[in-house]
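Protein sequence lines, in the order shown, are assigned to chains F and V. Residues are numbered in the numbering used here as their position in the first sequence, beginning at 1, plus a constant of 21. Residues are numbered in the numbering used here as their position in the second sequence, beginning at 1, plus a constant of 1. Think of the CB as a built atom: it goes at the ideal place given N, C-alpha and C, for glycine as much as any other residue.
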Amino acid sequence: MKVRYFAWMKRTVGVPEEDVAPPAEVATVGDLVVWLRHRSPGHAEALAEGAAFGAAVDQRTATFDVKLAGVREVAFFPPFTGG
Amino acid sequence: MSVRVQEADFDVGAELSHLTDGNKRIGGLAVFVGLVREMHVREGYHRDRVDAMTLEHYPGMTERALEEIEAEARRRWPLEATLIVHRYGRLEAGDRIVLVAVGSPHREAAFEACEFLVDWLKTKAPFWKLEETPAGEKWVGAHVGDDAAAARWEKKS
């Protein structure tokens, strides 16, 4: 599964994207957040509890209870500021 | 019925002519053009001037999100023509960022749908602004007023 980061989260994590293979018990987006925190101090900081960020699953906005089964791409990003 | 995300500037007059060409059912065209505003941001004891910004987006998801917002507008109002052009990359104060144009037989639908599209794209399309100030780069935080503006259009059901 590909994980992508945007805006300040990309800089904090240190990479724009990475391929990860989480274990089966990582079933939801929320589980993935917790699992990714252990990859590096940057991940832990960007994905910290209480940090304001959202997620997309296969390029659609998703809540943290969305299941990961069959998912190809998960993205994490701060609130949108376009327009 | 068109959404574009591009680095290049756009020509408002040419875009509007193209949008309405050949459609004689359009009686009103409402247009919003968003520009990069020169701003002064107070932070701590420093006063920083924002001269430019870089707009990052999520290619693929951005187009899909804008298409969904456009489709929602067309469900809610009788629209003959819609166009959203949103730029990304480095933009300087005074540059155009976004063009939203809505054509309808009547002006009420055009005005309302145009405002709806601008409000929703600010909160539902994956764009992020990185501002350049004399003190360095700064990611723009979400504006609470934008959420409130977008929430006005949420259907109560």
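Please work out which residues of its chain come closer than 7 Å, Cβ to Cβ, to residue i, disregarding the five sequence neighbours upstream and downstream, and give them in chain order.
i	result
ALA150 of chain V	ASP120
PHE1 of chain V	Because residue 1 of chain V is not part of the residues shown, which for chain V are 2 to 158, the question remains open.
MET30 of chain F	ALA67, PHE74, PHE97, PHE98 and PRO99
MET54 of chain V	VAL37, LEU92, LYS130, LEU131, GLU132 and GLU133
PRO79 of chain V	SER105, PRO106 and ALA110
So, for residue i: in the same chain, excluding its five sequence neighbours on each side, which residues have a beta-carbon less than 8 Å away from its beta-carbon?
i	result
ILE98 of chain V	GLY35, LEU36, VAL37, LEU56, HIS87, ARG88 and LEU92
ALA42 of chain F	MET22
ARG108 of chain V	GLY28, GLY29 and ALA31
GLU39 of chain V	ARG50, VAL51, ASP52, ALA94 and GLY95
ILE70 of chain V	ILE85, LEU118, TRP121, LEU122, LYS125 and ALA126
GLY63 of chain F	THR33, VAL34 and GLY35
Let me check understanding here. Comparing Cα to Cα, which of the options lies closest to residue i?
i	options	result
ASP105 of chain F	F:ALA28, F:THR33 and F:GLU94	This structure leaves residue 105 of chain F out entirely; chain F is present only between 22 and 104.
VAL36 of chain F	F:ARG81, F:GLY75, F:ALA72 and F:SER61	F:SER61
GLU155 of chain V	V:ARG77, V:ALA110, V:GLY90 and V:GLU133	V:ARG77
GLY104 of chain F	V:ALA152, V:ARG5, V:LEU100 and V:MET62	V:LEU100
ALA77 of chain F	F:GLY71, F:ALA65 and F:VAL92	F:VAL92
ARG153 of chain V	V:GLU116, V:THR83 and V:ALA9	V:GLU116
THR82 of chain F	F:GLY71, F:VAL50 and F:GLU46	F:VAL50
GLU38 of chain F	F:ALA28, F:VAL24, F:ALA45 and F:GLU46	F:VAL24
Which residues does DSSP pair with residue i in a beta bridge?
i	result
SER3 of chain V	V:LEU84
SER105 of chain V	V:GLY29
ALA136 of chain V	DSSP lists no partner for ALA136 of chain V.
VAL13 of chain V	Note: VAL13 of chain V sits in no beta bridge, so no partner.
Output needed for residue i: all residues of its chain with C-beta closer than 6 Å, excluding positions within five of it in sequence on either side, in chain order.
i	result
TYR46 of chain V	Below a pLDDT of 50, predicted positions are generally treated as unreliable, and TYR46 of chain V, at 48, falls in that range; the measurement from the model is reported next regardless. Hits under 6 Å: none found.
- Message: When you compare the stretch 113-128 of chain V with the stretch 55-67 of chain V, are there three or more beta-carbon pairs, one atom per stretch, that lie closer than 8 Å?
- Response: yes
With three or more C-beta pairs closer than 8 Å as the rule, is the stretch 6-25 of chain V touching the stretch 140-155 of chain V? no
Worksheet item: Is it a yes or a no for the stretch 16-25 of chain V touching the stretch 79-97 of chain F, going by three-plus beta-carbon pairs under 8 Å?
Response: no
### Query
Along the chain, which unbroken stretches of the alpha helix (DSSP H) at least 4 residues long are found entirely within the stretch 24-100 of chain V?
62-77
Requested in this report: Entirely within the stretch 35-83 of chain F and at least 3 residues each: give me those beta strand (DSSP E) ranges in chain order.
Outcome: 38-40, 75-78 and 81-83
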